[in-house]
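Structure record follows, encoded as structure tokens.
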Amino acid sequence: HVALASSLVRQQMSNKGGNKREKFLESCRKQKLDTVRWSLGVGGQSPSVRDDDGYTAIMIAAAGNLHKVLRMLVDHTRKTREKEQMDLRDGAGDGRTALMMAAAHGHAESCQELLDAGCNFKLQCDRGKTAADYAQKAGHAALALRINRGGEDTEEDTDDEDTAGGAVEHDPDAPEGETATQRSKRRKKEMELRERRGAIDEHAANEEKRLAAIDDAEAATAMLKRERPNPVWFEVGKAIDTESKELTLTLDGLDDLDLVPMETEIDPATWWAVSVNSLKIELGVRVTRIPAEITRLSGLRTLILSNNALTVLPESIGELTQLKVLEVEDNQLTKLPESLGDLKNLENLRLPNKTPSNQ
């Protein structure tokens, strides 16, 4: 008993550099179900893996009344057709099974999990005691009676005639001597397990999609950083670095305006400030055109281009489908792009006093 208690409370099992067995057993103790599931599925572990004191993962879960992880372990033995792993004996010399350990501690839930899974409740330890004997000795008389009935609530329904016409449906997974009530409970648990697995699979698929979306976003961000020209104007660099929603470029607000040649007109990095949804450019005669790269700012909702020397707007402006406000007053526009008709969300459009002929 002392050795088992020591095994149960051990909290540190080489977290750094520990092997898979130790991590698996530790995850069982802490009921880290995702880790246990991974260890059983692809980690090469099994419910019969023993710790340094000779206790299997099933014994650890049963003795600690860790019934959630116990259910996962016994479900695995059923799936792999290795139910004998539930009836393995300890390595401490008493020859006790997981059921005996749970019974000795009065853990009714763990006992029920093992009984429903079809463990052999009639086995005796090296001292000739059954699991019911351990429960009785520890003062758990009701549990002892339940164990002696194989987990059934009453002594009824001990025959096997629960199918239509009294015929017994053959079930290759049924343990020897299984009663009708036990079979009903086992099938119910198997159905619950399938439902849980379906939910788990759906959750895993959704999580995989979510992580893939994050990866795609990170990859896109990394590509932007690689391709993006270095900002020249301080305000542009600040908007990019802080992922600002607003960017204002005016003659009064740019102390470093002259660092960008007149023929370039606007800092090329402006069109890489992809977080911006409100952009104002008011630079007078310096600005005569807006490049098609403005569509890179796909989240733009407000675009103010008044008080410049624009003669034309790019046809690609129609791709800014979220745009609600467009102001181009006090410019030299001679025509408007036909794609303006594609801006279905546009609510406010302000044009020069001299409206272009194709308006």
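Counting from 1494, one number per residue, gives the positions in the sequence shown under the numbering used here.
The beta-carbon is built from N, C-alpha and C at its ideal position, and this holds for glycine as well.
Sequence-distant residues of its chain with Cβ nearer than 8 angstroms to residue i (five each side left out)
i: ASP1749; result: VAL1725, TRP1726, PHE1727
i: GLU1822; result: SER1799, ASN1800, ARG1843, LEU1844, PRO1845, ASN1846
i: GLY1599; result: ALA1628, ALA1631, GLY1632, HIS1633, LEU1636
i: GLU1758; result: LEU1776, ARG1779, VAL1780, THR1781, ARG1782
i: LEU1559; result: CYS1521, ARG1522, GLN1524, ILE1553, SER1603
i: THR1804; result: THR1781, ARG1782, ASN1824, GLN1825, LEU1826, THR1827
i: LYS1738; result: SER1768, VAL1769, ASN1770, SER1771
i: ALA1802; result: GLY1777, VAL1778, ARG1779, VAL1780, THR1781, ASN1824, GLN1825
Residue i burial status per 10 Å Cβ neighbour count (16 or more: buried)
i: LEU1752; result: exposed
i: ASN1814; result: At residue 1814 the sequence reads Thr, which differs from the Asn that was named. Classification of THR1814: exposed, given that the 10 Å Cβ count is below 16.
i: ASN1841; result: exposed
i: ALA1597; result: buried
i: LEU1704; result: exposed
i: LYS1572; result: exposed
i: ASN1838; result: exposed
i: THR1549; result: buried
i: GLY1621; result: exposed
i: ILE1707; result: exposed
i: MET1755; result: exposed
i: ASP1709; result: exposed
i: LYS1791; result: For clarity, residue 1791 is Ser in the given sequence; the question names Lys instead. So SER1791 ends up on the exposed side.
i: GLY1557; result: buried
i: MET1684; result: exposed
i: GLN1504; result: The pLDDT assigned to GLN1504 is 40, lower than 50, so where the model puts this residue is not dependable; a value taken from the coordinates is nonetheless given after this. So GLN1504 counts as exposed.
i: ARG1639; result: buried
i: GLU1519; result: buried
i: ALA1591; result: buried
i: LEU1712; result: The question names Leu, but residue 1712 in the sequence shown is Ala. The residue in question, ALA1712, is exposed, as its Cβ has fewer than 16 Cβ neighbours within 10 Å.
i: GLY1644; result: buried
i: ALA1555; result: buried
i: GLY1611; result: buried
i: ALA1498; result: Since pLDDT at ALA1498 reaches only 43, below the 50 mark, its modelled position is unreliable, and no value is offered.
Cβ shell of residue i (< 7 angstroms), same chain only, five flanking positions each side left out
i: ALA1660; result: At ALA1660, the pLDDT of 45 sits below 50, so the modelled position is not reliable; the number obtained from the coordinates is stated separately. Around ALA1660: no qualifying Cβ.
i: CYS1618; result: ASP1587, GLY1588, ARG1589, MET1593
i: GLY1536; result: LYS1513, PHE1517
i: GLY1746; result: GLU1728
i: SER1541; result: THR1549, GLN1578, LEU1581
i: ASN1613; result: ASP1580
i: ASN1723; result: ALA1762
One or two residues paired with residue i in a DSSP bridge
i: ILE1797; result: LYS1773, GLU1820
i: ASN1841; result: VAL1818
i: ARG1543; result: THR1549
i: LEU1740; result: LEU1772
Closer than 9 angstroms to chain E by CB, residue i
i: VAL1529; result: Chain labels in this structure do not include chain E; a single protein chain is all it has.
Proximity winner among the options, relative to residue i (alpha-carbon distances)
i: SER1577; options: VAL1805, SER1539, ALA1635; result: Sequence inspection shows Glu at residue 1577; the Ser mentioned does not correspond to that position. Ranking VAL1805, SER1539, ALA1635 by Cα distance to GLU1577 puts SER1539 first.
i: LYS1731; options: ASP1760, GLN1825, ILE1551; result: ASP1760
i: GLU1786; options: GLU1775, PHE1614, SER1771, ALA1766; result: ALA1766
i: ASP1527; options: ASP1609, LEU1608, LYS1561; result: LYS1561
i: GLU1831; options: GLU1519, GLU1808, LEU1566, GLY1611; result: GLU1808
i: LEU1680; options: ASP1708, GLU1812, LEU1608, PHE1614; result: The sequence shown places Arg at residue 1680, rather than the Leu named in the question. The shortest C-alpha separation from ARG1680 is found at LEU1608.
i: LYS1682; options: VAL1567, VAL1542, ASN1824, LEU1833; result: VAL1567
i: GLU1735; options: GLU1701, SER1768, ILE1640, LEU1829; result: For clarity, residue 1735 is Thr in the given sequence; the question names Glu instead. It is SER1768.
i: GLY1811; options: ALA1555, LEU1796, LEU1833; result: LEU1833
i: LEU1772; options: GLU1820, LEU1806, ALA1802; result: GLU1820
i: LEU1744; options: ILE1774, GLY1557, ALA1802; result: ILE1774
i: ARG1721; options: LYS1702, ARG1789, THR1741, SER1737; result: ARG1789
i: THR1861; options: ALA1715, THR1570, THR1795, ARG1564; result: Outside the shown range of the chain, which is 1494 to 1852, sits residue 1861, and nothing can be said about it.
i: THR1570; options: GLY1547, ARG1530, ASP1546, ALA1595; result: ARG1530
i: PRO1784; options: ILE1797, LEU1793, ILE1551, LEU1806; result: LEU1806
i: GLU1547; options: ARG1574, GLU1575, GLU1515, GLY1534; result: Before going further, note that residue 1547 is Gly rather than Glu in the sequence given. Nearest C-alpha to GLY1547: GLU1515.
i: ALA1595; options: ALA1715, LEU1829, GLU1695, ILE1551; result: ILE1551
6 angstroms Cβ shell around residue i - same chain, five flanking residues per side excluded
i: THR1763; result: VAL1729
i: LEU1836; result: LEU1816
i: ALA1657; result: Confidence is the limiting factor: at ALA1657 the pLDDT is only 41, short of 50, which leaves the residue's position unreliable, though a coordinate-based value still follows. Closer than 6 angstroms at Cβ, skipping near neighbours: no residue.
i: SER1532; result: PHE1517, GLN1538
i: ALA1625; result: ALA1637, ILE1640, ASN1641
i: ARG1564; result: GLU1606
i: VAL1818; result: THR1795, ASN1841
i: THR1623; result: GLN1617
Proximity test, residue i beta-carbon vs the ligand COA heavy atom, cut-off 8 angstroms
i: GLU1575; result: As far as ligands go, the structure on display features none, and thus does not contain the ligand COA.
Within the chosen definition, does the segment 1599-1606 reach the segment 1575-1583 through at least 3 CB pairs nearer than 8 angstroms? Cβ pair count under 8 angstroms is below three, so no.
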